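**Q** To start, I am sharing the structure in question, which I have written as structure tokens.
Protein chains: 2
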Amino acid sequence: MTIKINHESHISIYMQIYHQIKNRIIDGDLHEGDRLLSERKLSQVLNVNRTTILSAYDLLKADGLIDSFSGKGTFVIYKTIQAGDHNNYYDYDFEGMYLKHHNGKHDDVIKMIMDDGIRRSNIFFAGGLPAENLIPNEAFHDIYRDLLNDKTLNVLSSSDVSGVKTLKQMIKNLMIESSPSLKEILVTSGAQQALDLIFKTFLIPGDAVIVEEPTFFGALQLLKHYGVKTVTVPMDNQGMDTGVLAYLIERHHPKFIYTIPTYHNPTGISMSLERRKDLLKIASHYNVAIIEDDPYSGLVYEESYPSLKSLSKSNHVIYVSTFSKTLSLGLRIGWVTASEEVIKLLVRNKQISDLHVNTLNQYALASFIESGSYRAHVIMVTEFYRRKRNLMIQMLKKHFEDIEYECPKGGYYIWLRLSSDVSIRKLFDLCKKKGVMMTPGYHFSQSNGPYIRLNFSYPSEEEIISGIKIISDCYNELRK
Amino acid sequence: MTIKINHESHISIYMQIYHQIKNRIIDGDLHEGDRLLSERKLSQVLNVNRTTILSAYDLLKADGLIDSFSGKGTFVIYKTIQAGDHNNYYDYDFEGMYLKHHNGKHDDVIKMIMDDGIRRSNIFFAGGLPAENLIPNEAFHDIYRDLLNDKTLNVLSSSDVSGVKTLKQMIKNLMIESSPSLKEILVTSGAQQALDLIFKTFLIPGDAVIVEEPTFFGALQLLKHYGVKTVTVPMDNQGMDTGVLAYLIERHHPKFIYTIPTYHNPTGISMSLERRKDLLKIASHYNVAIIEDDPYSGLVYEESYPSLKSLSKSNHVIYVSTFSKTLSLGLRIGWVTASEEVIKLLVRNKQISDLHVNTLNQYALASFIESGSYRAHVIMVTEFYRRKRNLMIQMLKKHFEDIEYECPKGGYYIWLRLSSDVSIRKLFDLCKKKGVMMTPGYHFSQSNGPYIRLNFSYPSEEEIISGIKIISDCYNELRK
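Protein chains in written order, with my numbering: chain A, 1 to 480; chain B, 1001 to 1480.
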């Protein structure tokens, strides 16, 4: 039995020994009846104090994993459950129960993309992640220290369902254009949870929602989960085509219009001011509520746009945003701004969904914003991402001839229209094999157009240079 | 305009000035056209450097809140939106839309109770919170520092939907009795989210679920939200009455049996070993899945019980637990253990619900467990809570004569049956007026029995002594 001891670790040595032996017993590497080295012997082998071994063995005994028999030695007394033991009994068909309720399976698109992002073995144009190297670990180091030292705060305790007050104040200050009151703000576990709460609060199976074609797959999957019919409205380079909106509303009586007006996902397009006003007018006239999904508006490379929320004079707009794209996805903090009435209803569902967002992280983020660091951070990352966008456009110009795209004025994505004689599925597979991940257009759309989405925030400049070349090579290979 | 400067704060002075002026402008204390003090003048008044004021004013200008006009001075240029401006347009009836979908309103029980807990102005027997003073802030201080310094980890980045691997390993080690594999574990945002994910994955409106009578209101509210019919099974001092279970299953064809077998909420009762075996036999025979909700089993005052999960030889049991009761509710970390198939289906819904649990906190908790601190912490709090339980029982004996209760062998709660000639609603109101909060029994039950739930983990010993006396006084006053 080899046990590795790390003298640098902050985990004490007896705990290291304890965990390693425990793991082996549970995993079945050590079996019931196996004899362990005596405390004296093991202390010699590992060159540690005998009391250290004693402590580790005591913990294992307390767990009921080993026992000592006087004169005989110390033995494993835990009987490993063999994988096979269970199999005969695996008779409950959870998957069948699930499929009966849901028409077909969900795609695991988000998980697939995130798994690839986490693996980090590829050139990764597929996700919607900020650049790893820009995440400000050091700044948060000091913030967590201060917060955990502050005796006046209960940063590890429970907190308000709607969010910690200081964070809501900071969010309010970030939103000067629409200046919500604190009662008009709900802090959520990212924008994804905000959408989930809105959908689960206001929609029932059979309802219709208008969405842009194409649109964010996370919203599409949620709507599918809740049995909601999606009605698509086409886009041009000014954003959603509001010309057909009235017709679609009259025909389908949607409960919501779901839109990403600014630096749209996946197309990168921003809705023009005129279209924004049209949309609000139509929504108000037909009395349809709007969900404005706005994760990217902080990342302005050329032109910024007023939010629908700030332009709206009524309560029709439910606004959703997040710190995932400007700061860190791993923080899982986003928010909703809407009328007090809507927030109250969402809070009801937040409390039964997961009570509230982690208290400590809310305080940490509030402190990061209040100190001015967030503002400076957004300016800094915007600079980097603008450069990366420019580089990716430059590489696309260099390596492709017959593709179409809009240069995004902010945000994360370039949406490429390729020649329709190439199978996007084949292109995806070939690029993946060559170590480049991007997202096929069909995840964002019910149609099967020849599109791919490229993210430029996450990859390094070197990866953009070599990755676009690889995609182009694969593309040309498939067109032969 | 008074501005307060805190020289002790880690927030720099110009940011303090910036935020305070910004707040006043947005809140409408300073109006469009109001003149600010000149930079020179304000620097004198506040006794700070002139460049400090300059920096603050620059930020306010960048926000479009103020502007300087040469020779005239600096003015607020931001037009506050008056509350009244919106009112004419408040024409979308979100509440009507909501109510049409849900039969009647939800109670806001969880939020109400948590709000009272946060206010901390009362003697608080109402919640399910650990004692504030036992939460180990200092230990986490070091852990966060180490994690944020560790360049090999990406603690602020996104992470696996199912949970960070090191935390899943630690959870596995905590569960030696049932020893799940890592693929049989899903980390969730508390047990509440675990229940939400299970219900939303497997249940549709019209389904039936068997629950103990009484049971946890967070589960009842979720089931109501999903349009699921609850079928109640009575309890005695051995736990769920399995004698009537077969009859209820044959009659109602439930999808799940939801149970809190160990240190039940609200009754404190633990299901006997015989009943556990009966329950598993019946569930297996009728092929009904079990949700075992187990937040309290770590807190053993006299007698511990094997989980249903560890006793089960099939895949029927979905096990849910949390660190909220033993460590900190504010962390929002719980987990599910079930067959790999079930975890895969839950992961699908986790990704569209909120992607994953905050990465940094998962690492922090894993480190806290791995170092042995969690184990020591649970032993420590168990000692304190046992004393508090004993004290509460002692006080109940002293101040009440005709009440009935079981002494809980672990967990958080004492469930009191009072005389039925006292209105629980009146008792609740009167106690609240006298500064004592407890939870009326009707939140846990469809029946209206004369019960109250008292929590003994959160209040101090002094509060238990004086609080029980106050409840007794109120009770006697109402019986006159």
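Built from N, CA and C at the ideal position, the CB exists for glycine as well. Values in this document were obtained by computation on a predicted structure and should not be read as measured data.
1) Would you kindly check if the distance between the Cβ of Arg389 (chain A) and the Cβ of Tyr296 (chain A) is under 8 Å?
2) In terms of residue numbering, what span does the alpha helix (DSSP H) encompassing Ala208 (chain A) cover?
3) May I ask you to list, following chain order, the residues of the region 1353 to 1364 of chain B that have a beta carbon less than 8 Å from some beta carbon of chain A?
4) When you compare each of A:Leu331, A:Lys277 and A:Ile318 to Pro306 (chain A) by their alpha carbons, which one comes out closest?
5) Looking only at C-alpha atoms, which of A:Lys350, A:Arg275 and A:Leu308 sits nearest to Ala289 (chain A)?
6) Would you mind telling me which residues of chain B sit closer than 9 Å to Gly206 (chain A), beta carbon to beta carbon, in chain order?
7) Taking 8 Å as the threshold (beta carbon to beta carbon), is Lys111 (chain A) in contact with chain B?
8) Please decide whether Ile11 (chain A) counts as near chain B, where near means a Cβ-Cβ distance under 8 Å.
9) Taking CB distances under 8 Å as the criterion, tell me whether Arg145 (chain A) reaches chain B.
10) May I have the straight-line CA-CA distance separating Lys61 (chain A) from Tyr78 (chain A), to the nearest angstrom?
11) Starting from Lys229 (chain A), find everything on chain B with Cβ-Cβ shorter than 8 Å and list it in chain order.
12) List the DSSP bridge partners of Val76 (chain A).
13) Rounded to whole angstroms, what is the Cα-Cα separation between Tyr1089 (chain B) and Ala191 (chain A)?
14) Would you call the CB atoms of Leu1037 (chain B) and Val1076 (chain B) closer than 8 Å?
15) Where does Gly1554 (chain B) fall in DSSP's three states?
16) Since Asn455 (chain A) and Gly128 (chain A) are thought to touch, with beta carbons under 8 Å apart, how far apart are those beta carbons, to the nearest angstrom?
17) Give me the Cα-Cα distance between Leu478 (chain A) and Glu462 (chain A), rounded to the nearest whole angstrom.
18) Specify, as a first and last residue, the run of the beta strand (DSSP E) that Ser321 (chain A) falls within.
19) Per DSSP, Thr232 (chain A) forms a beta bridge with which residues?
20) Which residues in the same chain as Leu365 (chain A) place their Cβ atom closer than 7 Å to its Cβ, once the five residues preceding and following it in sequence are excluded?
21) Hey, how far is the Cα of His1010 (chain B) from the Cα of Ser371 (chain A)?
22) Name the chain B residues whose beta carbon is nearer than 8 Å to that of Lys398 (chain A)?
23) So, using beta-carbon positions, are Val161 (chain A) and Gln394 (chain A) closer together than 8 Å?
24) Excluding the 5 residues flanking Val1025 (chain B) on each side, which residues of the same chain have their C-beta closer than 6 Å to its C-beta?
25) To the nearest angstrom, how far is it from the Cα of Tyr247 (chain A) to the Cα of Lys432 (chain A)?
26) Which same chain residues end up closer than 6 Å to Leu1054 (chain B) when comparing Cβ atoms and leaving out the 5 residues on each side of it in sequence?
27) Under a CB-based cut-off of 8 Å, is Asp1063 (chain B) close to chain A?
28) On the criterion of 16 or more Cβ atoms from any shown chain inside 10 Å, does Leu273 (chain A) qualify as buried, or is it exposed?
29) From Gln446 (chain A) to Leu1223 (chain B), what distance separates their C-alpha atoms?
30) Across which residues does DSSP place Phe1444 (chain B) in a beta bridge pair?
31) Going by CA-CA distance only, name the one from B:Phe1094, B:Val1155 and B:Ala1283 that's closest to Lys488 (chain A).
32) Chain A partners of Met1015 (chain B), CB-CB under 8 Å?
33) With a 10 Å radius around its C-beta and 16 neighbouring C-beta atoms as the bar for buried, classify Phe125 (chain A) as buried or exposed.
34) Less than 8 Å between the beta carbons of Leu416 (chain A) and Ile452 (chain A), yes or no?
35) Closer than 8 Å, CB to CB, is Asp489 (chain A) near chain B or not?
36) Suppose you measure from the CA of Leu430 (chain A) to the CA of Cys474 (chain A); what does that come to, to the nearest Å?
**A** Working from what's here:
1) Between Tyr296 (chain A) and Arg389 (chain A), the CB-CB gap reaches or exceeds 8 Å.
2) Not the alpha helix (DSSP H): Ala208 (chain A) falls in the beta strand (DSSP E), residues Ala208 to Glu213.
3) So the close ones are Ser1353, Asp1354, Leu1355, His1356, Val1357, Asn1358, Thr1359, Leu1360 and Asn1361.
4) The shortest C-alpha separation from Pro306 (chain A) is found at A:Lys277.
5) Minimum Cα distance to Ala289 (chain A) is reached at A:Leu308.
6) Correct list: empty, because the minimum Cβ distance to chain B is about 11 Å.
7) Yes, Lys111 (chain A) counts as interfacial toward chain B.
8) Output row for Ile11 (chain A): interface = yes.
9) Chain B, which has a Cβ nearer than 8 Å to the Cβ of Arg145 (chain A), makes this yes.
10) Distance from the CA atom of Lys61 (chain A) to the CA atom of Tyr78 (chain A), rounded to whole angstroms, is 10 Å.
11) Within 8 Å Cβ-Cβ: nothing; Lys229 (chain A) doesn't reach chain B, min ~16 Å.
12) The partner list for Val76 (chain A) (beta bridge, DSSP) reads A:Ile66.
13) For Tyr1089 (chain B), the pLDDT reaches just 49, beneath the cut-off of 50, and the residue's location in the model is therefore unreliable, although a value from the coordinates is still provided. Each residue's alpha carbon lies about 27 Å from the other.
14) The Cβ-Cβ distance between Leu1037 (chain B) and Val1076 (chain B) does not fall below 8 Å.
15) No answer is possible for residue 1554 (chain B): the residues shown for chain B start at 1001 and end at 1480.
16) Between Asn455 (chain A) and Gly128 (chain A) a beta carbon distance of about 6 Å is seen, short of the 8 Å cut, so the two are scored as contacting.
17) Approximately 25 Å between the Cα atoms of the pair.
18) Unbroken beta strand (DSSP E) run through Ser321 (chain A): Val317 to Thr322.
19) Answer is A:Val211, bridged to Thr232 (chain A).
20) Closer than 7 Å at Cβ, skipping near neighbours: Leu167, Phe323, Leu331 and Ile333.
21) The straight-line gap from Cα to Cα measures roughly 8 Å.
22) By Cβ distance, chain B contributes nothing, its closest Cβ being about 31 Å from Lys398 (chain A), past 8 Å.
23) No. Outside cutoff.
24) Looking at the sequence itself, residue 1025 (chain B) is Ile, so the reference to Val does not match. The answer, listed in chain order, is Leu1065, Val1076 and Tyr1078.
25) As the crow flies, the alpha-carbon of Tyr247 (chain A) is around 42 Å from that of Lys432 (chain A).
26) Within the same chain, and ignoring the five residues on either side of Leu1054 (chain B) in sequence, the residues whose Cβ sits closer than 6 Å to its Cβ are Glu1039.
27) So, interface residue.
28) Result: exposed.
29) A straight line joining the alpha-carbon of Gln446 (chain A) with that of Leu1223 (chain B) spans about 33 Å.
30) Per DSSP, none; premise fails for Phe1444 (chain B).
31) Because chain A is modelled from 1 through 480, residue 488 (chain A) falls outside the range shown and cannot be assessed.
32) The answer, in chain order, is Glu370, Ser371 and Gly372.
33) Answer is buried; the Cβ neighbour count reaches 16.
34) Yes, Cβ-Cβ distance for Leu416 (chain A) and Ile452 (chain A) is below 8 Å.
35) No statement about residue 489 (chain A) is possible, as the shown extent of chain A runs from 1 to 480 and does not include it.
36) The alpha-carbon atoms of Leu430 (chain A) and Cys474 (chain A) are separated by roughly 6 Å.
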